[in-house]
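Numbering (this note's numbering), first residue to last: 48 to 309.
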């Protein structure tokens, strides 16, 4: 099963009609995109409007950069200049002042900046989800081949994943301890913070509570399909019915795993 659902965790923006094997999204995990614009407070950037005419940096394939036209349209941003770099240099260039702001996943770039000596309180974070961009985030995808040939295995996998996510959200520290047993070189404290940030911002989010873990709202998915078609200039317009199916999801009762926000 694992080999047939390879690369099974992907951003929803990768599920597009021009993909060679046309993978299908079968479970929503990040109900909101983790993408954000981040800047240092000393830059004077406080709101999306402050990005007009600024120099932004990100790898050319960064999901936040590629979806930036949607963010820009929602916030009337113009005149942005882009600087490309390899991923390890993104936060370094922001810390050095080579760029005014960067795009990236919040729980990745924020912690990477801290590792470069930048305190979290000195960083301005402008989450796409908080500024008019209702993109879904990462999903579990599967090939049409496995969906057709072994639907029972797909359903069993999603049920097991759901149970695992419930345990992870209930005890994130224990979850990272388990990862540490498999990969002894990880920084336990850092990865625990990263996991908790991901849970709080994109998994156990207000939108996720409204829509339900693992699920989507058709109207929101249709809007996203249109926005992604425009932002990624796909040769074929994204058909939401062709890139998403809920047919393999556990029952609503089994998907009711999100902890109550404290």
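By construction, the Cβ of each residue, glycine as well, lies at the ideal position given by its N, Cα and C atoms.
Could you give the DSSP three-state label for residue i: helix, strand or coil?
| i | result |
| --- | --- |
| residue 250 | helix |
| residue 281 | coil |
| residue 167 | helix |
| residue 226 | helix |
| residue 211 | helix |
| residue 200 | helix |
| residue 180 | coil |
| residue 152 | strand |
| residue 159 | helix |
| residue 290 | helix |
| residue 295 | coil |
| residue 172 | strand |
Based on Cα-Cα distance, which residue from the options lies nearest to residue i?
| i | options | result |
| --- | --- | --- |
| residue 143 | 153, 160 and 131 | 160 |
| residue 289 | 189, 214 and 239 | 189 |
| residue 315 | 293, 265, 263 and 98 | Because residue 315 is not part of the residues shown, which for the chain are 48 to 309, the question remains open. |
| residue 3 | 90, 110 and 246 | Outside the shown range of the chain (48 to 309) lies residue 3, about which nothing can therefore be said. |
| residue 83 | 126, 172 and 305 | 172 |
| residue 107 | 132, 209 and 125 | 132 |
Out of curiosity, what's the CA-to-CA distance linking residue i and residue j?
| i | j | result |
| --- | --- | --- |
| residue 250 | residue 77 | 5 Å |
| residue 272 | residue 121 | 16 Å |
| residue 51 | residue 211 | Low confidence applies to residue 51: its pLDDT is 43, below 50, so where it sits in the model is not reliable enough to give any reading. |
| residue 262 | residue 235 | 31 Å |
| residue 204 | residue 88 | 44 Å |
| residue 123 | residue 175 | 14 Å |
| residue 293 | residue 164 | 44 Å |
| residue 73 | residue 223 | 25 Å |
Is residue i near residue j, with beta carbons less than 8 Å apart?
| i | j | result |
| --- | --- | --- |
| residue 279 | residue 180 | no |
| residue 112 | residue 150 | yes |
| residue 153 | residue 244 | yes |
| residue 156 | residue 85 | yes |
| residue 184 | residue 265 | no |
| field | Start-end ranges of the beta strand (DSSP E) lying completely within the stretch 60 to 132, minimum 3 residues | value | 71 to 75, 82 to 87, 102 to 104 and 128 to 130
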